[in-house]
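Numbered as in this note's numbering, the sequence shown ends at 498 without a single skipped number. We put the beta carbon where it would ideally sit given N, CA and C, even for glycine. Below you'll find the structure, written out as structure tokens, and then a few comments.
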Amino acid sequence: MKQGTKRTLSIILLSAIIAGVVSCGNGNGDTDTTSATGNDSQPDVTEPIDPVAEREAIDDELPDKTYDNAPFTIATETDFEWTLLQDEASGDVIDDAIYKRNLAVEERFKIDLELVTGDHASLNSKITNIVQSGDDTLDLCMTHVIQTGNIALMGLFENWYDVPYVNFEKPWWSASNIEDMTVDNVCPLAVGDCVLSALIGTYCVLYNKRLAEDYNLGDIYGIVNDGKWTIDKALELTKDTYSDLNSNGEIDGEDFFGYVSIQFSPLNAYLWAFGGHVLQRNESGGIDLVYHSEKTNDMVQKLCSFFHDNSGIYLYTTDANYDFNFSVNCFKDGRAVFINALLGDTVAYLRDMKDDYGVIPYPKWDEAQENYSTMVDGFHEVLCIPVTAPDIERSGIITEALCAESYKKVMPAYYETALKTKYTRDNESIAMIDLVVNSRVFDLGYFYDGWKGASFIFERLVHDNNTNFESYWAANESSITTHYQKVIDYFENYGK
Ligand SMILES: [Ca+2]
């Protein structure tokens, strides 16, 4: 597979969406042809393009095969069962889209989707037992990334590149499958659009449009689009935006802030947002542990200062009775201009929020950084096919179809609900959420962290305002390196 095709396609789709807004016909049936001369950057398009129809029009190139209504059994977490199976149209736009996706796949290929479920720890044991005993029950697993990364090292899963009809170049697969998760043509764990938890768990920043206007913070989407949404810009806009709402003379969680975050993985996400990695492929096809660097140290210094030295920026660090919805509740109350959030917070908690809000990416390290990027919380799932699956080709066809139909039906429904807007309107917000979703970076060091690697260091240091990154690293380097050597060995020895 070639790299970059999906990104290109995303840009084409994004352009098509934007073209719907800036359609440059003059209304008299004539078409503005100045773009052909290179003097006008406006796309040469006369008709607005329906972005949903654009998605539907992409051919999945799957064969005409049917399977006599045989069961197709997927192992998945009980918590995310709803993202795979919906019995009938319920009236909820996302659930209905999932139902329609399944109907499209089941009727076309004459299969019957069935689930094996459990919480992530017990499901992990169940899958291990099933595969190690040679049981051919499971056709596909869509399971917790870090748990699955752990058992993948035991050789339980197929290489996606050996699975017929799976095409990572299609827009319904994460570009990161090819760019980050494939080593020497080996990729046992992948993310595609039927993994709704990888959409729900995407780290982003939400901003309150009314408050941004009240505080004259400027055109936030414009700042993002100009590549100027950096950690320093976030600091500049929010460091002094503070009000002692409960008038107790202390900065506390009942006040008003420019920027709010909870602890844990919203802090880990900055490593990737700032362009860092844990493990990265090298040019000779191997894997390097690239986590430790001068820049990583600088990131920790910057984040400790950002979250601890400014009254307008609040890091929720309460340890007792921890409230994972702290930021979201501040935001919903109109007590925070910006918050670190999961994309799924919008759908789960903000459907009835009164103020308009926008979804934007995490800030970049500096303006020189080429792209925005983000990561997905460790609760997200990955796709993998057990080596005991009875028909690898069928697993490939059905997985590809589920991802394609999710891209066409479920993603637009999710975007609409997340933004409280019709997918075919508010093109600017849709384009922004697309930017966030397409900037998801997956990292071998995170997938295969096993809670023994380097992926969770930021949350500890920034929580404690501990700027002594180097001594933390010195104390932990040996065990982290030992763990990742097992991951490197797994890839080097895969299939040999
Ligand atoms: Ca106060």
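- Within the same chain, G277 come within 6 Å of Q371 by CB-CB distance, once the 5 residues on both sides are set aside.
- A distance criterion of 7 Å places the beta-carbon of E256 in contact range of ligand 1, judged by its closest non-hydrogen atom.
- Per DSSP, F471 lies in no beta strand (DSSP E) segment; the continuous alpha helix (DSSP H) that holds it begins and ends at 471-495.
- A distance below 6 Å between beta-carbons, with the five flanking residues on each side excluded, links S267 to the following residues of its chain, in chain order: D379.
- For M144, the enclosing beta strand (DSSP E) has its first and last residue at 142-146.
- Non-local beta-carbon contacts of S481 in its own chain, meaning distances under 8 Å to residues more than five positions away in sequence, involve K454 in chain order.
- In this structure the stretch 401-410 does not touch the stretch 246-265; the number of beta carbon pairs closer than 8 Å is below three.
- Around the Cβ of E369, a 10 Å sphere holds fewer than 16 other Cβ atoms; the residue is exposed.
- Annotation for N250 indicates a beta carbon within 7 Å of some heavy atom of ligand 1.
- Cβ neighbours of L239 within its own chain (closer than 6 Å, five residues either side excluded): L219.
- Looking at the backbone, the Cα of L208 and that of K498 are separated by about 47 Å.
- Nearest C-alpha to Y374 among F493, T232, K211: T232.
- At a Cβ-Cβ threshold of 8 Å, I60 and V412 do not count as neighbours.
- R442 is bridged by DSSP to T376.
- Taking 8 Å as the cut-off, the Cβ atoms of Y223 and T243 do not count as close.
- The straight-line gap separating the alpha-carbon atoms of F449 and G251 is approximately 44 Å.
- Pairing C306 with V464 gives a Cβ-Cβ distance under 8 Å.
- The stretch 102-169 is shown to contain whole alpha helix (DSSP H) runs of 4 or more residues at 122-134, 147-154, in chain order.
- When DSSP reads this structure, P73 sits in a beta bridge with D114.
- For F259, the pairing in a beta bridge is given by DSSP as Y244, A338.
- Excluding the 5 residues flanking it on each side, V389 has same chain C-beta neighbours closer than 7 Å at V133, L158, F159, E160, in chain order.
- Annotated three-state conformation of N429 is helix, per DSSP.
- Under the criterion of beta carbons closer than 8 Å, T68 and E116 do not qualify as touching, at roughly 17 Å.
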